[in-house]
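Chains as they are written, first to last, in my numbering: chain A, 1 to 112; chain B, 1001 to 1118.
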Amino acid sequence: QKEVEQDPGPLSVPEGAIVSLNCTYSNSAFQYFMWYRQYSRKGPELLMYTYSSGNKEDGRFTAQVDKSSKYISLFIRDSQPSDSATYLCAMSAGSGGFKTIFGAGTRLFVKA
Amino acid sequence: AAGVIQSPRHLIKEKRETATLKCYPIPRHDTVYWYQQGPGQDPQFLISFYEKMQSDKGSIPDRFSAQQFSDYHSELNMSSLELGDSALYFCASSFAGTSGGRPYNEQFFGPGTRLTVL
């Protein structure tokens, strides 16, 4: 079993829909949680960063971390065709170079 | 804003050759991470450095080595290249500090080096 599980999709939604992406993990030591967006052949782009549990909102994006359930989510409101990309969750147990584990990535398609 | 710089962007090598990939972190960032991403796969952590010391190690082959220099740039050296080493290699950097008691750990990725081994 992988340390971080993420449904690879693909996930197809109409423009304007609310998108829900999530990851589960098994390592209770993880404290740092990140969501990245990656377009084909490009480097991952950091979208959201959360330390420990709680919610964080930035524009159309909301990240949630539930450490008790080992479950993290990313919500995208008012989805746009430009949001079509692969979304990767990532997490680590510490800063200063701790190994970071990525999920498999979910491919999202937003149809106009 | 300055981003992570990687060079070269593309590299083509023959089997058994060597390759050196370079990474220049965002200014003031003290931590560098190296990742390997195969086609359709998620980035796999290879190795990381904090303040010029190796911090953590992942699935990095013994044929690979890396270091972080005094100016915080990092180099990934790959020897005896194999066909399976063909992949995108990403470098990411972060600042391992705190602000108001909350730690930083956001990793910002470079554009990657596409290595093709023939």
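A virtual CB, placed ideally from N, CA and C, is assigned to each residue, including glycine. Owing to the predicted nature of the structure, the values given are computational and were not obtained by experimental measurement.
Do you know whose CA, among B:Y1033, B:G1038, B:H1073 and B:L1011, lies nearest A114 of chain A's CA?
Examination of residue 114 of chain A is not possible in this model, given that chain A is present from 1 through 112 alone.
Any contact of the region 71-81 of chain A with the region 1033-1051 of chain B, i.e. 3+ C-beta pairs under 8 Å?
no
Closer than 7 Å at the beta carbon, the chain B residues around L88 of chain A
Position 88 of the first sequence holds residue 88 of chain A. Those within 7 Å of L88 of chain A in chain B are D1042.
So, with DSSP's three-state summary, where would you put S1065 of chain B?
Taking the second sequence and counting its residues from 1, one reaches residue 1065 of chain B at position 65. Correct three-state label for S1065 of chain B: strand.
Which listed residue (B:D1042, B:T1113 and B:P1027) has its alpha carbon closest to that of H1073 of chain B:
Within the second sequence, numbered from 1, the residue matching residue 1073 of chain B stands at position 73. Nearest C-alpha to H1073 of chain B: B:P1027.
What's the call for T106 of chain A, buried or exposed, on a 16-neighbour Cβ count within 10 Å?
Taking the first residue of the first sequence as 1, we reach residue 106 of chain A at position 106. Result: buried.
D1071 of chain B classed as buried or exposed, judged by whether at least 16 other C-beta atoms fall within 10 angstroms
The count along the second sequence starts at 1 and reaches residue 1071 of chain B at position 71. Flag for D1071 of chain B reads exposed.
Would you mind telling me which residues of chain A sit closer than 9 Å to G1038 of chain B, beta carbon to beta carbon, in chain order?
Here residue 1038 of chain B refers to the residue found at position 38 of the second sequence. Within 9 Å Cβ-Cβ: nothing; G1038 of chain B doesn't reach chain A, min ~12 Å.
V19 of chain A versus Y87 of chain A - alpha carbon distance:
Your numbering for residue 19 of chain A matches position 19 in the first sequence. Your numbering for residue 87 of chain A matches position 87 in the first sequence. Answer to the nearest angstrom: the Cα atoms are 11 Å apart.
Strictly by DSSP, which residues pair up with T1113 of chain B?
Indexing the second sequence from 1 puts residue 1113 of chain B at position 113. Bridge partners of T1113 of chain B: B:Y1089.
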